[in-house]
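Numbering (this note's numbering), first residue to last: -4 to 166. Built from N, CA and C at the ideal position, the CB exists for glycine as well. Since the model is a prediction, treat every value here as computed from it, not as a measurement. Input: a single structure, listed below in structure tokens.
Structure representation (structure tokens):
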């Protein structure tokens, strides 16, 4: 079975999907084309991608750990789930993940509160736009609301325990 297309095909008939690196290398090989790039540019792009992935992954792991330290009941439930489905003497493997419902909710809740991507990303529109003069506050009101939460309105916003008390995911 070809994992790229999801169809059963013989080895000789497999349709090759190109990854990002292959596309960059093909673009580099096109001599005389205005869009051709150097090997140095290819290396720089791949370095940026790998650094970005590593940084966001480690940052999200830190946020999950911080949320679990702030919410002992959620930490206790994650520990119980890991002991039940993985055991004390084993490492978590991919085959365990479908059974770890509470850990999945904890991770998703952490992503909701602390997105891995920046939320005030500058953008360049592809078409000309008319800018409304009072739009300076628009970014502040919409974008910064994620970072500066008013505790009197949202209070304790970590909903993992509340979500699973009402769900049938955990017995």
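Check: Mapping DSSP to helix, strand and coil, what is residue 99?
Finding: Translated into the one-based positions of the chain shown, residue 99 becomes position 104. Of the three classes helix, strand and coil, the one that applies to residue 99 here is helix, per DSSP.
Next item on the list: State the start and end residues of the unbroken alpha helix (DSSP H) segment that holds residue 47.
Entry: As a working note, residue 47 is residue 52 in the chain shown. Start and end: 34 to 65.
Margin query: Comparing C-alpha positions only, which one of 19, 43 and 42 sits nearest to residue 32?
Written below: Within the chain shown, numbered from 1, the residue matching residue 32 stands at position 37. Selected option, being the one with the closest Cα: 19.
Notebook entry, point to check: So, are the CB atoms of residue 91 and residue 81 less than 8 Å apart?
Noted result: Start at 1 with the first residue of the chain shown, and residue 91 comes out as number 96. Start at 1 with the first residue of the chain shown, and residue 81 comes out as number 86. Yes, they are a contact pair.
Check: The alpha helix (DSSP H) spanning residue 12 covers which residue range?
Finding: The residue given as residue 12 occupies position 17 in the chain shown. Neither: residue 12 is in no alpha helix (DSSP H) and is coded neither H nor E.
Checklist line | Own chain residues within Cβ distance below 8 Å of residue 59, not counting five before or after | finding: Here residue 59 corresponds to residue number 64 of the chain shown, with the count starting at 1. 101, 102 and 105.
Next item on the list: Using three-state DSSP, classify residue 111 as helix, strand or coil.
Entry: The residue labelled residue 111 in the question sits at position 116 within the chain shown. The answer is coil: DSSP assigns residue 111 none of H, G, I, E or B.
Notebook entry, point to check: I think residue 70 touches residue 77, with their Cβ atoms under 8 Å apart; what is that distance to the nearest whole Å?
Noted result: For the purposes of this step, residue 70 is identified with residue 75 of the chain shown, where counting begins at 1. For the purposes of this step, residue 77 is identified with residue 82 of the chain shown, where counting begins at 1. With a Cβ gap of about 11 Å, residue 70 and residue 77 do not count as contacting.
Checklist line | Close beta carbons around residue 50, own chain, < 8 Å, minus the five adjacent residues each side | finding: Translated into positions along the chain shown, residue 50 becomes position 55. None.
Notebook entry, point to check: Can you give the beta carbon distance from residue 41 to residue 22, rounded, assuming they're within the 8 Å contact cut?
Noted result: Within the chain shown, residue 41 is the residue found at index 46, counting from 1. Within the chain shown, residue 22 is the residue found at index 27, counting from 1. Not really, about 13 Å apart at Cβ, beyond 8 Å.
Check: Are residue 108 and residue 73 touching if we call contact CB-CB under 8 Å?
Finding: Within the chain shown, residue 108 is the residue found at index 113, counting from 1. Within the chain shown, residue 73 is the residue found at index 78, counting from 1. No.
Notebook entry, point to check: Would you say residue 55 and residue 111 are within 8 Å of each other, going by their C-beta atoms?
Noted result: Here the question's residue 55 lines up with position 60 in the chain shown. Here the question's residue 111 lines up with position 116 in the chain shown. Cβ atoms of residue 55 and residue 111: closer than 8 Å.
Checklist line | Nearest-angstrom Cα separation, counted from residue 57 out to residue 89 | finding: As a working mapping, residue 89 is identified with position 94 in the chain shown. As a working mapping, residue 57 is identified with position 62 in the chain shown. Going from the Cα of residue 89 to the Cα of residue 57 covers about 21 Å.
Item checked: Pairwise C-alpha distance: residue 85 and residue 53 -> What you label residue 53 is simply residue 58 of the chain shown in a count that begins at 1. What you label residue 85 is simply residue 90 of the chain shown in a count that begins at 1. Using only the alpha carbons, I get a separation of about 22 Å.
Check: Would DSSP call residue 90 helix, strand or coil?
Finding: Residue numbering aside, residue 90 sits at position 95 when the chain shown is read from its first letter. Helix.
Next item on the list: Consult DSSP for residue 77 and reduce its assignment to one of helix, strand or coil.
Entry: Taking the first residue of the chain shown as position 1, residue 77 is located at position 82. Of the three classes helix, strand and coil, the one that applies to residue 77 here is helix, per DSSP.
Item checked: Residues of its chain near residue 87, where Cβ-Cβ distance is below 6 Å and the 5 sequence neighbours each way are ignored -> On the chain shown, residue 87 is found 92 positions in, with the first residue counted as 1. So the qualifying residues of the chain are 81.
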